[in-house]
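> One line per chain: the protein sequences are A and B, in this order.
The numbering of the first sequence is this note's numbering, which starts it at 2 and goes up by one.
The numbering of the second sequence is this note's numbering, which starts it at 2 and goes up by one.
Yeah, the Cβ is synthetic: ideal placement off N, Cα and C, and Gly gets one too.
2 protein chains.
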Amino acid sequence: MSLILYERVCSDDRRPSPYCWRARLALAHKGLTPAYRPVKFTEADLVAFSGQSKVPVLVDGESVVSDSWNIACYLEDNYPDAPSLFGGPGGRALTRFTNLWVDHGLQKALGPILAPYLHAVADPDDRDYYRRTREARWGQSLEQLVARRAVYLEALDPVLEPLRQRLAESPFVCGERPAYADYLAFAEFQWARSVCDQDILAPEETALRAWRHCMLDLFDGLARTVTAFDSAC
Amino acid sequence: MSLILYERVCSDDRRPSPYCWRARLALAHKGLTPAYRPVKFTEADLVAFSGQSKVPVLVDGESVVSDSWNIACYLEDNYPDAPSLFGGPGGRALTRFTNLWVDHGLQKALGPILAPYLHAVADPDDRDYYRRTREARWGQSLEQLVARRAVYLEALDPVLEPLRQRLAESPFVCGERPAYADYLAFAEFQWARSVCDQDILAPEETALRAWRHCMLDLFDGLARTVTAFDSAC
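1. Is there a Cβ of chain A sitting closer than 9 angstroms to that of C74 (chain B), yes or no?
2. Could you please give the first and the last residue of the uninterrupted beta strand (DSSP E) stretch that includes E177 (chain A)?
3. With DSSP run on the structure shown, which of helix, strand or coil describes R15 (chain A)?
4. Is the stretch 127-143 of chain B touching the stretch 107-116 of chain B, taking contact as three or more C-beta pairs under 8 angstroms?
5. Taking Cβ positions only, does V58 (chain A) come closer than 9 angstroms to chain B?
6. Cα separation between D198 (chain A) and R213 (chain A)?
7. Do you know how far the Cα of G222 (chain B) is from the Cα of H30 (chain B)?
8. In whole angstroms, give me the CA-to-CA distance for G52 (chain A) and S3 (chain B).
9. Considering only their Cβ atoms, is the gap separating A193 (chain B) from A233 (chain B) smaller than 9 angstroms?
10. Just to make sure I have the definition right: I need the residues of chain A whose C-beta is within less than 7 angstroms of the C-beta of L101 (chain B). Which are they?
11. Please confirm whether G176 (chain A) has its beta-carbon closer than 9 angstroms to some beta-carbon of chain B.
12. Could you name the residues of chain B that S85 (chain A) contacts, counting a contact when the two beta carbons are closer than 8 angstroms?
13. So P117 (chain A) is in the alpha helix (DSSP H); what residue range does that whole segment cover?
14. How about G88 (chain A) and G112 (chain B): do their beta carbons lie closer than 9 angstroms?
15. Hey, S289 (chain A) and R23 (chain A) are a contact pair by Cβ (cut 8 angstroms); roughly how many whole angstroms apart?
16. Quick one, which of A:E206, A:D231, A:A203, A:Y181 has its alpha-carbon nearest P19 (chain A)'s?
17. Is it right to say G176 (chain A) is buried, meaning 16 or more other beta carbons lie within 10 angstroms of its own, or is it exposed?
18. The alpha helix (DSSP H) with A1 (chain A) in it runs from where to where?
19. Does K55 (chain A) get closer than 9 angstroms to chain B when you measure Cβ to Cβ?
20. Taking C-alpha atoms, which residue in B:L33, B:P57, B:Q145, B:V122 lies nearest to D82 (chain B)?
21. Rounding to the nearest angstrom, what Cα-Cα distance links S85 (chain B) and Q108 (chain B) in this structure?
22. Runs of 3 residues minimum, wholly inside the stretch 59-89 of chain A: which ones carry the beta strand (DSSP E) assignment?
23. Under three-state DSSP, which class holds E170 (chain A)?
24. Alpha carbon to alpha carbon, how far is C21 (chain A) from F190 (chain A)? Give it in angstroms, no decimals.
25. Under three-state DSSP, which class holds E8 (chain A)?
26. What first and last residue would you give for the beta strand (DSSP E) that runs through R38 (chain A)?
27. Does the distance from the CB of V174 (chain B) to the CB of F98 (chain A) come in under 9 angstroms?
28. Around the Cβ of A45 (chain A), are there at least 16 other Cβ atoms within 10 angstroms (buried) or fewer (exposed)?
29. Using a threshold of 9 angstroms, state whether the C-beta atoms of S67 (chain B) and V40 (chain B) are closer than that.
30. Let's see if you can read the secondary structure: which residues bound the alpha helix (DSSP H) around L217 (chain A)?
31. Got a sec: is the Cβ-Cβ distance from K31 (chain B) to anything in chain A below 9 angstroms?
32. Could you work out which residues of chain B lie near A180 (chain A), taking near to mean beta carbons separated by less than 7 angstroms?
33. Are the C-beta of S69 (chain B) and some C-beta of chain A separated by less than 9 angstroms?
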């Protein structure tokens, strides 16, 4: 069976996309090793066969699946004998809720902090596109976002609180072992360390940092195998 | 088997505490009907037998359980043949995460909106205590909180987004049927309608309003059996 994951690539072979890390880690959780096909921001035509323009796209033999949540559900349903990503029907429903919290809470808070750094490591071909779309999203220049970094870090702090509290009482979001909700949250931190040389976590974030360390070690250090700012975490 | 739930009471027999509603709805989900013992803010001695001072406290024969999460886990573990509150081990882990999101996200955003209204319906004996503790918590007078209501409602809007998105795609947070994560979120709305005659949801919040309506109808309209501002939802 041939497995291919189309994912975002930036300069120096960086793989910053949190959506693509969700898929990478979900595949690893299921014991699957895909071939990776890098796609620049301006190469949407490479995944046009999937009927849409975004990554990740998973090709599994005859099956083509886009959207990270669809990919997670596809893997859970088609590889039922491998470890579960959700831990049962209640787990699937609330993993979806956690996904929406990551998308609309955590990621939204990280976006203005990381966007200027992602621009700096974007493929040179992609930088104009990236600057235009991100400046439109936040209604200010990337330079203005950098100048307000401290403000955005302060706004991130309360957003992290549910995760901080959970990881103070449990080694993983999903309990004693990591599962998809951990990958959802960790993918955001992997995005951060892929693009930014300054850690988004303060030194005193003991529980979050210990969890991030464990997540980096998973699957023989899969998240450490790509170009990133190791100084950032 | 005698079941007793100690819960907060305010004037006109109102039962606003979201923590107590979590326990009320969890008991109903398990098909259990407790006797309710009302406790004013200043009557902590009534639950001193539980080794702490807060409600809810559940007494089930010889067992005494305090803290809403402990009560939910107690019910799940001791009434395994009744419908599950969590939907499996993955569900339990992420229900806990959802609990922390409600505590530190949703409830934190609602607090300054609802506190002045709760003061108005608190038992007359409790009002001085309530004003003192809440004004200390937010560092401003209850009157200042009222004056800034629009600011706090604006801050609530993005906090609701994960819930809004989830309920736009699914009838309940937990999927096709409600479970404990629904009770966690709904208990905050029940708190709101117990104390405030102005709806915290805008008319265009279709998905959230439809879900709230379904939650009010559950268990023969359990949440409608207490004094509340029906005009508010």
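According to the data block:
1. As a position in the second sequence, residue 74 (chain B) is number 73, starting the count at 1. No, C74 (chain B) lies away from the interface with chain A (no Cβ there is under 9 angstroms from its Cβ).
2. Counted from its first residue, the first sequence places residue 177 (chain A) at position 176. DSSP places E177 (chain A) outside any beta strand (DSSP E), giving it a letter other than H or E.
3. Within the first sequence, residue 15 (chain A) is the residue found at index 14, counting from 1. In the structure shown, R15 (chain A) falls within a coil segment according to DSSP collapsed to helix, strand and coil.
4. Under the 8 angstroms Cβ criterion, the stretch 127-143 of chain B counts as touching the stretch 107-116 of chain B, having at least three qualifying pairs.
5. Numbered from its first residue, the first sequence carries residue 58 (chain A) at position 57. For V58 (chain A), the nearest beta carbon of chain B is not closer than 9 angstroms to its own beta carbon.
6. Start at 1 with the first residue of the first sequence, and residue 198 (chain A) comes out as number 197. Start at 1 with the first residue of the first sequence, and residue 213 (chain A) comes out as number 212. Roughly 16 angstroms between the two C-alpha positions.
7. For this step, residue 30 (chain B) is matched to residue 29 along the second sequence. For this step, residue 222 (chain B) is matched to residue 221 along the second sequence. When the Cα atoms are used, H30 (chain B) and G222 (chain B) turn out to be separated by approximately 13 angstroms.
8. Within the first sequence, numbered from 1, the residue matching residue 52 (chain A) stands at position 51. Within the second sequence, numbered from 1, the residue matching residue 3 (chain B) stands at position 2. Rounded to whole angstroms, G52 (chain A) to S3 (chain B) spans 60 angstroms at the Cα level.
9. Sequence index remark: in the second sequence, residue 233 (chain B) carries index 232 (1-based). Sequence index remark: in the second sequence, residue 193 (chain B) carries index 192 (1-based). Against a cut-off of 9 angstroms, the Cβ pair of A193 (chain B) and A233 (chain B) comes out as a contact.
10. Taking the second sequence and counting its residues from 1, one reaches residue 101 (chain B) at position 100. For L101 (chain B), the neighbours in chain A by C-beta distance under 7 angstroms run, in chain order, P163, Q166, R167.
11. As a working mapping, residue 176 (chain A) is identified with position 175 in the first sequence. Yes - at least one Cβ of chain B is within 9 angstroms of the one on G176 (chain A).
12. The residue you call residue 85 (chain A) lines up with position 84 of the first sequence. Those within 8 angstroms of S85 (chain A) in chain B are G91.
13. Your numbering for residue 117 (chain A) matches position 116 in the first sequence. Element bounds for P117 (chain A): 108-122.
14. Counting from one through the first sequence, the residue named residue 88 (chain A) turns up at place 87. Counting from one through the second sequence, the residue named residue 112 (chain B) turns up at place 111. No. Outside cutoff.
15. Given a span of 2 to 234 for chain A in the structure shown, any question on residue 289 (chain A) remains unanswerable.
16. In the first sequence, the residue the question calls residue 19 (chain A) occupies position 18. With distances taken between Cα atoms, P19 (chain A) lies closest to A:Y181.
17. If you number the first sequence from 1, residue 176 (chain A) lands on position 175. Buried is the call here.
18. No statement about residue 1 (chain A) is possible, as the shown extent of chain A runs from 2 to 234 and does not include it.
19. Residue mapping note: residue 55 (chain A) aligns to position 54 of the first sequence, counting from 1. For K55 (chain A), no CB of chain B lies under 9 angstroms from its own CB, so it is not counted at the interface with that chain.
20. The count along the second sequence starts at 1 and reaches residue 82 (chain B) at position 81. Relative to the Cα of D82 (chain B), the nearest Cα in the group B:L33, B:P57, B:Q145, B:V122 belongs to B:L33.
21. One-based indexing of the second sequence puts residue 85 (chain B) at position 84. One-based indexing of the second sequence puts residue 108 (chain B) at position 107. Spanning the two alpha carbons is a distance of roughly 25 angstroms.
22. The stretch 59-89 of chain A contains these whole beta strand (DSSP E) runs: 64-67.
23. One-based indexing of the first sequence puts residue 170 (chain A) at position 169. Note: E170 (chain A) maps to helix in three-state DSSP.
24. Counted from its first residue, the first sequence places residue 190 (chain A) at position 189. Counted from its first residue, the first sequence places residue 21 (chain A) at position 20. In this structure, the CA atom of F190 (chain A) is about 13 angstroms from the CA atom of C21 (chain A).
25. The sequence position of residue 8 (chain A) within the first sequence is 7, counting from 1. It is a strand residue.
26. Counting from one through the first sequence, the residue named residue 38 (chain A) turns up at place 37. Secondary structure note for R38 (chain A): its beta strand (DSSP E) is the uninterrupted segment 36-40.
27. Taking the first residue of the second sequence as 1, we reach residue 174 (chain B) at position 173. Taking the first residue of the first sequence as 1, we reach residue 98 (chain A) at position 97. Yes, these two residues count as a Cβ contact at 9 angstroms.
28. Within the first sequence, numbered from 1, the residue matching residue 45 (chain A) stands at position 44. So A45 (chain A) counts as exposed.
29. Taking the first residue of the second sequence as position 1, residue 67 (chain B) is located at position 66. Taking the first residue of the second sequence as position 1, residue 40 (chain B) is located at position 39. Taking 9 angstroms as the cut-off, the Cβ atoms of S67 (chain B) and V40 (chain B) do not count as close.
30. Indexing the first sequence from 1 puts residue 217 (chain A) at position 216. Bounds of the alpha helix (DSSP H) holding L217 (chain A) are 207-222.
31. In the second sequence, residue 31 (chain B) corresponds to position 30, counting from 1. Put simply, the CB of K31 (chain B) is far from chain A, with every gap to its CB atoms at 9 angstroms or more.
32. Here residue 180 (chain A) is taken as the residue at index 179 of the first sequence, counted from 1. In chain order: G91.
33. Position 68 of the second sequence, counting from 1, holds the residue named residue 69 (chain B). Interface residue (Cβ-Cβ distance to chain A less than 9 angstroms): S69 (chain B) is not classified as such.
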